[in-house]
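Comments concern the structure below.
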Amino acid sequence: MIGSIIGDIVGSVYEFSVNNITTKEFELFSKEGDFTDDSILTCATADWLLHRGNAGEYYAEYGLKYPSPMGGYGSRFVVWLYCAKDKNHSPYNSCGNGSAMRVGPVGWAYDTVEEVLEMAKKSAECTHNHAEGIKGAQAVALAILMSRQKYSKEAIRTEIERRFGYNLHFTCDEIRPAYTFKETCQESVPQAIVAFLEGKDFEDSIRNAISIGGDSDTIGCITGSIAEAFYGVPEELRKKAMEYLPDELKTIVTEFENKYNH
0 MIGSIIGDIV
10 GSVYEFSVNN
20 ITTKEFELFS
30 KEGDFTDDSI
40 LTCATADWLL
50 HRGNAGEYYA
60 EYGLKYPSPM
70 GGYGSRFVVW
80 LYCAKDKNHS
90 PYNSCGNGSA
100 MRVGPVGWAY
110 DTVEEVLEMA
120 KKSAECTHNH
130 AEGIKGAQAV
140 ALAILMSRQK
150 YSKEAIRTEI
160 ERRFGYNLHF
170 TCDEIRPAYT
180 FKETCQESVP
190 QAIVAFLEGK
200 DFEDSIRNAI
210 SIGGDSDTIG
220 CITGSIAEAF
230 YGVPEELRKK
240 AMEYLPDELK
250 TIVTEFENKY
260 NH
């Protein structure tokens, strides 16, 4: 799951169209960078998988504990958080990419397609119960599982296209000039997966993701989650990312890695 967090931190300073960049040449860990809601809710997912219970309660707990992360939460998630204070955890039919950015730990915690798809659905539907929101989470989790299980990139591309109907036959170069800030799964998950598919290694995959613009921290987070499973993460990048996290999140990362680092 550290791959998700690295992608989030790296992309945090380039989020929103006004800050987007269209080059792969940039400082990987900027002084202005920080973890955002993507890392917070990824850790919430890990905590849920470690200790069980209702996924939505973990997302509410973490969202309320960290109310103003860099970049902020989505507006509908914020409303959901305040409802959650009153124990109202009703989902809001979102197809936003929040379900895909926080799902990474699911792809590590289970070893069969059936389990991964079911748990990805559970992680999504407590908030993002729109079909596209669930599909985005499932596609990312499955890509992580297949990467862990040493499938080729072409096999991953083929299966994600077949199962979820995404078009993954484009390049980062083709979309970079016109791609803008998109918050839906269907407009950011395929782009994040392609950034991984084109990557030469973990860091190159992250640079691909940030260079296309758009919702940079979330696309970086999604790409990083898959690239970690395929390539692993260089220890120096892991150490650098951990420096950004408060102790509670560091503890969750370490506990999750100790249990599920296959």
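No gaps in the numbering here: position 48 of the sequence shown is 47 in numbering that gives the first Met the number 0, and each next residue is one more.
We put the beta carbon where it would ideally sit given N, CA and C, even for glycine.
Short Cβ contact (7 Å threshold) for glycine 219 with glycine 10: yes
Rounded straight-line distance, which links the Cα of proline 68 to that of asparagine 18: 17 Å
Simplified DSSP state of threonine 22, which is helix, strand or coil: coil
Sub-7 Å separation of cysteine 125 and alanine 54 beta-carbons: yes
Methionine 0 (DSSP reduced to helix, strand or coil): coil
Same chain, Cβ closer than 6 Å to aspartate 36, neighbours up to 5 away in sequence not counted: Pro68 and Tyr72
Cβ separation of glycine 2 and phenylalanine 201, assumed to be a contact under 8 Å, to the nearest whole Å: 7 Å
Nearest neighbour of alanine 191, chosen from Trp107, Glu247, Arg75 and Thr222 [CA to CA]: Thr222
Beta-bridge partners of threonine 35, as assigned by DSSP: Met69
Neighbourhood of glycine 6 by C-beta, 6 Å cutoff - its chain only, sequence neighbours within 5 removed: Ile205, Gly219, Cys220, Thr222 and Gly223
Isoleucine 225 and alanine 142 closer than 7 Å at C-beta: yes
Cβ-Cβ separation, tyrosine 243 to phenylalanine 15 (assumed contact under 8 Å), whole Å: Not a contact, Cβ separation roughly 20 Å.
Rounded C-alpha distance that separates tyrosine 13 from threonine 21: 10 Å
Length of the line joining the Cα atoms of asparagine 257 and isoleucine 39: 19 Å
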